[in-house]
Amino acid sequence: MIDQNQGYDRARGRRLTAILFSIFIAFALCVTSVAVGTLSFSPMDVWEGLRGISSEPLVNQIIHNIRLPRVLTGLFAGMNLAVSGALLQGILRNPLTSPHIIGVNAGAGFMAVAVMILFPEKIEWIPSGAFVGALMAAMLVYGLSLASRTGETVRIILAGVAVSALLSALTSGMMFLNSDQLEVTYGWLLGSLSGRGWSYFHLLWPYSLGGLALALALAPKVNLFSLGDEIGSSLGLQVPLYRAILLVVASILAGSAVSVAGTIGFVGLMAPHLARLMVGNDYRYSLILTAVLGGVLLATSDTVARTIFQPIELSVGIVTAVLGAPFFLFLLFRKR
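Residues in the sequence shown are numbered from 1357 upward in steps of one, following the numbering used here.
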């Protein structure tokens, strides 16, 4: 018994060390993201700019009002997408699942494009519209899954594929019929953090912290889902209730991220897998690390997107797709 306790303590220590090390790396990468760009700054410039005491007003403006909110928005959006993907992979017991599977991205994209086309003078409505679209799509998927006779997880996946395809087709149709606004809508659908200031960050962070707190509180329930519905039920898990609750939490997280950053893919697929490789399958630990890795992944991808071909800026969704597609194929053949 003593040996078992010592082994548990060692494993717990390794997990906490991995989490703390990842947080340190995340901090270093965020500072680097703030420092580099068309105009690059030294660490001392960054420190003074963050405090607003630099002798150069331009430095204060760029660092505090442009780069810092953009990096923080990317950090929290990546965290939301990653935790959402981890929850979906847990409750659906499918390692290749991401927020795309419940139609969140498609629903958010549809509503965002609808706002751009129908109310072009109300651009400030786009985040709210995208968030509502994401939630409505997730609820529609779950409602359709309840009407099917297939296995529970298969129902959700099939309904998600169908709803995503339908909403994507409707979005493409709107863009085709309104080609004069194609550039704006297309740029948003690719995913971008360009121009994301403090207003976007303040819109996002309450959902991020609230969603992460709920996810961590429900982590033991997600662990039970990994045992299968029948075993989970025998251990006291109310499977339909907690599956619906966790779907809503995942939708809130992913929908809030998509509402401010556009339809960015693969972050919700890659970060959970990397976290499980580092700390194992216990969601009490892997969710924390998933959040950190997701934020780092998106913030770093955005730094690459705005610097690799500067002064031309890529959409961050292009960078995450370039990283995510080979990773998806690796997982596919590894699982086979």
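No residue lacks a Cβ here, since even glycine has one placed at the ideal position from N, Cα and C.
Keep in mind the model is a prediction, meaning the values are calculated, not measured.
CA-to-CA distance, residue j to residue i, given in whole angstroms
i, j, result
"Ile1447", "Gly1489", "22 Å"
"Phe1686", "Gly1680", "10 Å"
"Ser1528", "Met1634", "40 Å"
"Asn1421", "Gly1551", "10 Å"
"Leu1653", "Phe1532", "33 Å"
"Val1439", "Gly1465", "20 Å"
"Ser1642", "Pro1413", "42 Å"
"Asp1365", "Asp1658", "38 Å"
"Val1578", "Tyr1598", "9 Å"
"Leu1395", "Trp1544", "25 Å"
"Leu1491", "Gly1499", "12 Å"
"Ile1379", "Asn1436", "16 Å"
"Ala1661", "Gln1594", "44 Å"
"Asn1450", "Tyr1639", "15 Å"
"Val1469", "Met1530", "8 Å"
"Ile1664", "Leu1583", "44 Å"
"Glu1669", "Gly1592", "51 Å"
"Thr1676", "Phe1683", "10 Å"
"Ala1631", "Leu1645", "6 Å"
Where the alpha helix (DSSP H) containing residue i begins and where it ends
i, result
"His1558", "1554 to 1573"
"Asp1658", "1639 to 1663"
"Trp1403", "1399 to 1407"
"Phe1475", "From DSSP, Phe1475 is part of no alpha helix (DSSP H); its letter is neither H nor E."
"Pro1483", "1482 to 1502"
"Pro1413", "1413 to 1416"
"Val1441", "It should be noted that the sequence gives Gly, not Val, for residue 1441. Unbroken alpha helix (DSSP H) run through Gly1441: 1424 to 1448."
"Ser1589", "1585 to 1590"
Pick from the options that is closest to residue i, judged by C-alpha positions
i, options, result
"Ile1375", "Phe1683, Leu1649, Ala1661, Ile1479", "Leu1649"
"His1456", "Ala1367, Gly1621, Leu1560", "Gly1621"
"Ala1600", "Asn1450, Leu1502, Gly1430", "Leu1502"
"Ile1608", "Thr1453, Leu1424, Leu1568", "Leu1568"
"Asn1534", "Ala1627, Ser1520, Leu1474", "Leu1474"
"Ser1520", "Tyr1542, Leu1496, Thr1509", "Leu1496"
"Ser1524", "Ala1442, Ala1433, Gly1463", "Gly1463"
C-beta neighbour in chain C for residue i, strict 7 Å
i, result
"Leu1633", "No chain C is part of this structure, which consists of one protein chain only."
*Flag this pair as touching only if the stretch 1570 to 1587 and the stretch 1510 to 1522 have three or more C-beta atom pairs under 8 Å; answer yes or no.*
They do not touch, by the three-pair rule.
*Counting pairs of beta carbons, one from the stretch 1609 to 1617 and one from the stretch 1551 to 1566, are three or more of them closer than 8 Å?*
With three or more CB-CB distances shorter than 8 Å, the stretch 1609 to 1617 counts as touching the stretch 1551 to 1566.
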